[in-house]
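A.B. asks: Counting from 1 along the sequence shown, just add 11 to a position and that's the residue number in full-length UniProt numbering.
The following block contains the structure, expressed as structure tokens.
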Amino acid sequence: ESNADWWRGAVIYQVYPRSFQDTDGDGIGDLKGVTQRLPYIAALGVDAIWLSPFFTSPMADMGYDVSDYCNVDPMFGTLADFDAMMAQAHRLGLKIIIDLVLSHTSDQHPWFKESRTSRDNPKADWFVWAAPKPDGTAPNNWLSVFGGPAWEWDGVRKQYYMHNFLASQPDLDFHNHEVQEALLSAAKFWLDRGVDGFRLDTVNYYFHDKELRDNPPHAPDSEDAGLDAPDVNPYGMQSHLYDKTQPENVAFLKRFRALLDQYDGRTSVGEVGDGARSLKTVAAYTAGGDKLHMCYTFDLLGPDFTPNHIRHCCEAFHNSVADGWVCWAFSNHDVNRHVSRFIENAEEREAVAKLAVSVLASLRGSICLYQGEELGLPEAELAFEDLTDPYGIRFWPSFKGRDGCRTPMPWASAEDHAGFTTAKKSWLPVPAEHRALAVDTQEGKGGSVLEHYRHTLAFRKAHPALTDGDMQFLDLDEDVLAFTRAKGDDRLLFIFNLRGGPQAVRLPSHIEIRELVGMPGLSGSLIDGVVLVEAQDGFCARI
Ligand code: TEU
């Protein structure tokens with residue numbers, strides 16, 4: 012247990028505890044359920060688990076609204092359950108990364124309850140309070156990501172408070188040093204308990220413009236382009252004046268890192284959703300080795316699964332900072348599942364699920380997998396009555412919300428709720444389509460998506476070039492994604508065909524193939540210096 016750099020190139024499996032495994036029959040997953048399923052996660056061959064929030068919460072935003080940073084919500088279990096889960100994970104060689112939601116609290120957090128009582132209590136300045144404009148309207152034009160203004164009127168203080176997300180998620184004022192101290196001590200609480208790292212929710216939202224200046228309207232070609240469509244996310248209608256690479260945030264991240272560095276082998280991964288600026292922000296947050304270890308961006312969470320896009324994302328990041336580190340993902344608990352995003356034809360989903368993880372596992376960076384993608388699960392089609400996500404309820408039907416990617420894990424095809432719960436009703440239904448893809452239908456079955464994931468992750472682990480080797484793209488043909496990965500003697504060439512028809516590409520003369528390498532599931536071949544790759548397939552060789 013000595014490799015402090017274990018996170019570099021690691022494969023992280025995201026568990027959404029609400030939907031992983033229920034053990035107490037209330038229709039909602041829990042920490043004991045995670046413990047029960049740890050052997051399954053270990054058998055995938057991942058290095059770490061990122062556990063979405065399990066902290067005490069009124070669950071207005073499914074736990075991303077925390078009312079006690081240092082406890083477990085009874086819905087998920089107890090601190091003792093957490094410790095048992097972590098101890099078992101460590102025995103199986105899995106690291107545990109927990110999800111700290113520091114930018115905002117729940118409005119039920121004692122800090123906010125106190126803060127809102129008056130303008131001069133000890134926590135009066137812990138949140139972002141501001142006077143109305145002379146006409147009584149909100150202090151400025153800022154918008155919430157989840158729709159409407161970013162300001163909520165408080166009748167007691169007769170002031171507005173700011174929220175980037177729901178009105179029940181008030182924004183902490185990071186300009187206040189006491190707030191920073193309190194949050195660092197919450198992080199310390201979990202470090203002392205033995206967690207291996209943190210995923211930092213909305214890490215680029217920590218600081219707001221102290222002068223509260225209005226944002227200019229969004230220009231179509233501005234750097235904020237790339238956020239969700241305005242009718243779904245009005246936040247994207249503004250060009251955010253206050254650059255999210257604020258110097259104050261960089262200074263806070265240094266403090267956070269200094270705390271982590273007091274412990275052995277801990278890591279951090281910041282969530283940076285910042286439109287087209289994201290990769291620059293990641294660079295600012297990860298350069299130099301004294302801030303975050305890595306950041307997580309939304310670049311590959313859109314509909315674009317093309318050679319140009321993937322190449323652009325990788326190059327934009329790697330060219331902007333040599334010593335920064337990125338964490339790539341195709342899916343998470345906020346976006347439509349990627350097989351549904353990347354392809355319309357349901358018959359092609361299995362092939363796309365396999366190809367996508369082959370590509371992901373070959374990229375330079377760490378990678379995050381989201382529970383269920385290893386089964387090739389499509390986005391669940393839910394009825395309005397099923398919805399629980401406030402974001403989806405608000406924008407239905409132009410945006411159906413995030414419940415469709417949060418439905419329970421299907422474990423056993425023949426059991427009620429596919430083995431997720433013994434309750435009569437599961438918090439979200441398990442779609443029939445998912446039942447047919449349950450773990451027990453794929454485990455040990457050659458050619459299944461699940462077995463493809465296991466073999467592909469083993470391949471990644473066996474190649475130092477893939478963990479943190481250099482990456483160079485080749486200008487072969489617009490229609491293929493071609494690059495080399497190299498570390499020492501381990502030098503690999505990859506050519507992926509993401510399109511609808513077979514491709515034949517001539518290798519440039521400077522590339523000398525030493526031998527073909529059987530990357531699991533790829534069947535591209537080489538004839539007289541020409542690589543032939545079928546649709547949704549790839550080629551791998553040692554060079
Ligand atoms: O998400 C941050 C974020 O920007 C998302 O709102 C994203 O834009 C949206 O979900 C895309 O559909 C984080 C968490 O991952 C999310 O679950 C929380 O709701 C949010 O923070 C607020 O804490």
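Glycine included, every Cβ here is placed at the ideal spot set by N, Cα and C.
#1: Shortest alpha-carbon distance to E390 belongs to which of S155, V350, S373, I378?
#2: Tell me where the alpha helix (DSSP H) around residue 586 begins and ends.
#3: Name the DSSP beta bridge partners of Q249, please?
#4: Can you list the beta strand (DSSP E) stretches of 3 or more residues lying completely in the region 314-351, in chain order?
#5: Shorter than 7 Å, the distance from the beta carbon of E426 to the closest heavy atom of ligand 1, or not?
#6: Around the C-beta of S373, are 16 or more other C-beta atoms found within 10 angstroms, so that it is buried, or is it exposed?
#7: Quick check for students: name the residue ranges of the beta strand (DSSP E) that lie wholly in the region 114-179, counting only runs of 3 or more.
#8: When DSSP labels each residue in this structure, what does Q483 get in the three-state scheme?
#9: CA-CA distance, G237 and R446?
#10: Does DSSP classify A515 as helix, strand or coil?
#11: Which parts of the region 189-226 are runs of the beta strand (DSSP E), unbroken and 3 residues or longer, counting only runs that do not cross its ends?
#12: Quick check: does the Cβ of G415 come within less than 7 Å of any heavy atom belonging to ligand 1?
#13: Taking three-plus beta-carbon pairs below 8 Å as touching, is the region 270-289 in contact with the region 210-220?
#14: Which of the three DSSP states, helix, strand or coil, is assigned to T278?
#15: Taking Cβ positions, are Q382 and Y75 nearer each other than 8 Å?
#16: Just the C-alpha distance for E523 and R553, rounded to the nearest angstrom, thanks.
#17: Mapping DSSP to helix, strand and coil, what is K472?
#18: For a quick check, are the C-beta atoms of D490 and Q514 less than 8 Å apart?
#19: Should P150 be labelled buried (16 or more other beta-carbon atoms within 10 Å of its own) or exposed?
#20: My output table needs one value for K456: the three-state DSSP class, helix, strand or coil.
#21: What do you reckon, is the C-beta of E282 under 7 Å from a heavy atom of ligand 1?
#22: I need the boundaries of the alpha helix (DSSP H) containing I109, first residue and last residue.
#23: Once the 5 residues before and after R19 are set aside, which same chain residues still bring their CB inside 6 Å of it?
#24: Could you give the DSSP three-state label for I404: helix, strand or coil?
#25: Out of C325, Y51, E259, state which residue places its alpha-carbon closest to the alpha-carbon of V370.
#26: For a test of your reading of the model: does the CB of T308 fall under 7 Å from any non-hydrogen atom of ligand 1? Yes or no.
#27: Nearest-angstrom Cα distance between D481 and G549?
#28: By a C-beta neighbour count over all protein chains shown, 10 Å radius and 16 as the cutoff for buried, is P419 buried or exposed?
#29: Could you please give the first and the last residue of the uninterrupted alpha helix (DSSP H) stretch that includes D92?
#30: Three or more C-beta pairs under 8 Å: does that hold for the region 165-185 against the region 129-140?
#31: At what residues does the beta strand (DSSP E) containing N508 begin and finish?
#32: Any idea what DSSP makes of G549, helix, strand or coil?
#33: If you drop the 5 nearest sequence neighbours on each side, which residues of the same chain put their C-beta closer than 7 Å to that of E444?
#34: Using CA coordinates, which residue listed in A298, N356, P408, F353 is at the minimum distance from F328?
#35: Pick helix, strand or coil for V368, following the three-state DSSP scheme.
#36: Whose C-alpha, out of R210, H251, D220, is nearest the C-alpha of P227?
C.D. replies: Working from what's here:
#1: To locate residue 390, count along the sequence shown from 1; it is residue 379. In terms of Cα proximity to E390, the closest of S155, V350, S373, I378 is V350.
#2: Lying outside 12 to 554, the shown extent of the chain, residue 586 is not represented and no answer is given.
#3: Taking the first residue of the sequence shown as position 1, residue 249 is located at position 238. DSSP lists P228 as partners of Q249.
#4: For the region 314-351, the continuous beta strand (DSSP E) assignments of 3+ residues that do not extend past its boundaries occur at 337-340, in sequence order.
#5: Residue numbering aside, residue 426 sits at position 415 when the sequence shown is read from its first letter. No, ligand 1 has no heavy atom inside 7 Å of this Cβ.
#6: In the sequence shown, residue 373 corresponds to position 362, counting from 1. By the beta-carbon neighbour count (other beta carbons within 10 angstroms, threshold 16), S373 is buried.
#7: Listed in chain order, the beta strand (DSSP E) runs fully inside the region 114-179 are 162-165, 170-173, counting runs of at least 3 residues.
#8: The residue given as residue 483 occupies position 472 in the sequence shown. It is a strand residue.
#9: Translated into the one-based positions of the sequence shown, residue 237 becomes position 226. Translated into the one-based positions of the sequence shown, residue 446 becomes position 435. Annotation note: pLDDT 48 at G237 (below 50); position unreliable, coordinate value reported separately. If you take the alpha carbons of G237 and R446, they lie about 34 Å apart.
#10: Numbered from its first residue, the sequence shown carries residue 515 at position 504. Three-state result, A515: strand.
#11: 208-211
#12: The residue given as residue 415 occupies position 404 in the sequence shown. For ligand 1, no non-hydrogen atom lies closer than 7 Å to the CB of G415.
#13: yes
#14: As a first step, residue 278 must be located in the sequence shown, where it is residue number 267. DSSP places T278 in strand when its eight states are reduced to three.
#15: On the sequence shown, position 371 is the one that residue 382 refers to. On the sequence shown, position 64 is the one that residue 75 refers to. No, they are not a contact pair.
#16: Stepping through the sequence shown from its first residue, residue 523 is reached at position 512. Stepping through the sequence shown from its first residue, residue 553 is reached at position 542. Cα to Cα, the separation comes out at about 9 Å.
#17: One-based indexing of the sequence shown puts residue 472 at position 461. K472: helix per DSSP, three-state reduction.
#18: Counted from its first residue, the sequence shown places residue 490 at position 479. Counted from its first residue, the sequence shown places residue 514 at position 503. Yes, Cβ-Cβ distance for D490 and Q514 is below 8 Å.
#19: For this step, residue 150 is matched to residue 139 along the sequence shown. Buried, by the Cβ-count rule.
#20: The sequence position of residue 456 within the sequence shown is 445, counting from 1. If DSSP states are grouped into helix, strand and coil, K456 belongs with coil.
#21: Taking the first residue of the sequence shown as 1, we reach residue 282 at position 271. Because some heavy atom of ligand 1 lies under 7 Å away, the Cβ of E282 counts as near it: yes.
#22: Taking the sequence shown and counting its residues from 1, the one referred to as residue 109 is at position 98. No alpha helix (DSSP H) holds I109; the beta strand (DSSP E) holding it covers 106-111.
#23: In the sequence shown, the residue the question calls residue 19 occupies position 8. Cβ within range, chain order: D479.
#24: Locating residue 404 in the sequence shown gives position 393, where the first residue counts as 1. Correct three-state label for I404: helix.
#25: For the purposes of this step, residue 370 is identified with residue 359 of the sequence shown, where counting begins at 1. The shortest C-alpha separation from V370 is found at C325.
#26: Reading the sequence shown from its first residue, position 297 is the one you call residue 308. Incorrect: T308 has no Cβ contact closer than 7 Å to ligand 1.
#27: Stepping through the sequence shown from its first residue, residue 481 is reached at position 470. Stepping through the sequence shown from its first residue, residue 549 is reached at position 538. Straight across, the Cα-Cα distance linking D481 with G549 is about 20 Å.
#28: By 1-based counting over the sequence shown, the position of residue 419 is 408. P419 comes out buried.
#29: As a first step, residue 92 is located in the sequence shown; it is residue number 81 there, counting from the start. Unbroken alpha helix (DSSP H) run through D92: 90-102.
#30: yes
#31: The residue labelled residue 508 in the question sits at position 497 within the sequence shown. Residues 501-508.
#32: Sequence index remark: in the sequence shown, residue 549 carries index 538 (1-based). In this structure, G549 counts as strand in the three-state DSSP scheme.
#33: One-based indexing of the sequence shown puts residue 444 at position 433. Excluding residues within five positions, the ones whose Cβ falls inside 7 Å are P389.
#34: Residue 328 sits at position 317 when you count from the first residue of the sequence shown. Of A298, N356, P408, F353, the residue nearest in Cα terms is A298.
#35: Stepping through the sequence shown from its first residue, residue 368 is reached at position 357. Helix at V368.
#36: Taking the sequence shown and counting its residues from 1, one reaches residue 227 at position 216. Ranking the options by Cα distance to P227, first place goes to H251.
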